[in-house]
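For what it's worth, our numbering labels the leading residue of the sequence shown as 1, then goes sequentially. Where a beta carbon is used, it is the ideal one built from N, C-alpha and C, also for glycine. The model shown is predicted, which means the values in this text are computed figures rather than measured ones. Below is one structure, written out as structure tokens; comments come after it.
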Amino acid sequence: MKSYASQIVFSINCDGVFTGQYDEQWRLVYAEDSHDAIEAAKSIAIQEAYNIKDRYGRHITWNLIAIKDVREVAIEHGSLLNSSIIDMKPVAAPIWENETVQS
1 MKSYASQIVF SINCDGVFTG QYDEQWRLVY AEDSHDAIEA AKSIAIQEAY NIKDRYGRHI
61 TWNLIAIKDV REVAIEHGSL LNSSIIDMKP VAAPIWENET VQS
């Protein structure tokens, strides 16, 4: 068996209306090959798609949109699982900042 990281994307609906929100999840799956990894990710996603009733009585649903990505990963100490570059406004006073970072 090989280890795969799979990216699963759900849309979030409230009383049947799309909220404009998505839930992107990275899940670890074990499979013989990438095709089996996709099938395993789909099976997990179908099980994880769920309905809840919020505190206001609205029906909130997570609907599977896609298996966006499946990558074979080596599970070793320090292995990179995910890296994202996020463009955002500077924070006035970060909670922690590496002393070597220059603004």
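Can you tell which of 42, 40 and 61 has its C-alpha closest to the C-alpha of residue 50? As a working note, residue 50 is residue 50 in the sequence shown. It is 61 whose Cα lies nearest to the Cα of residue 50.
For residue 8, which option in 80, 39, 67 and 77 has the closest C-alpha, if you only look at C-alpha atoms? Here residue 8 corresponds to residue number 8 of the sequence shown, with the count starting at 1. The residue with the shortest Cα to Cα distance from residue 8 is 67.
Simplified DSSP state of residue 69, which is helix, strand or coil: Within the sequence shown, residue 69 is the residue found at index 69, counting from 1. DSSP, read as helix, strand or coil, puts residue 69 in strand.
For residue 45, which residues of its own chain have a beta-carbon under 6 angstroms away from its beta-carbon, when the five flanking residues on both sides are left out? To locate residue 45, count along the sequence shown from 1; it is residue 45. For residue 45, where only same-chain residues beyond five positions count, the Cβ hits under 6 angstroms are 8 and 64.
Span of the alpha helix (DSSP H) around residue 15: Numbered from its first residue, the sequence shown carries residue 15 at position 15. According to the DSSP assignment, residue 15 belongs to no alpha helix (DSSP H), since it is labelled neither H nor E.
Element boundaries [beta strand (DSSP E), containing residue 46]: Against the sequence shown, residue 46 aligns to sequence position 46. Where residue 46 is concerned, there is no enclosing beta strand (DSSP E), although the alpha helix (DSSP H) it sits in stretches over 34-48.
Label residue 56 either buried or exposed according to how many other C-beta atoms from any shown protein chain fall within 10 Å of its C-beta, with 16 as the threshold for buried. Numbered from its first residue, the sequence shown carries residue 56 at position 56. Looking at its Cβ environment, which holds fewer than 16 other Cβ atoms inside 10 Å, residue 56 is exposed.
If you compare alpha carbons, which of 25, 81 and 53 is closest to residue 16? If you number the sequence shown from 1, residue 16 lands on position 16. The residue with the shortest Cα to Cα distance from residue 16 is 53.
Per DSSP, the bridge partner or partners of residue 30: By one-based count along the sequence shown, residue 30 stands at place 30. For residue 30, the beta-bridge partners assigned by DSSP are 3.
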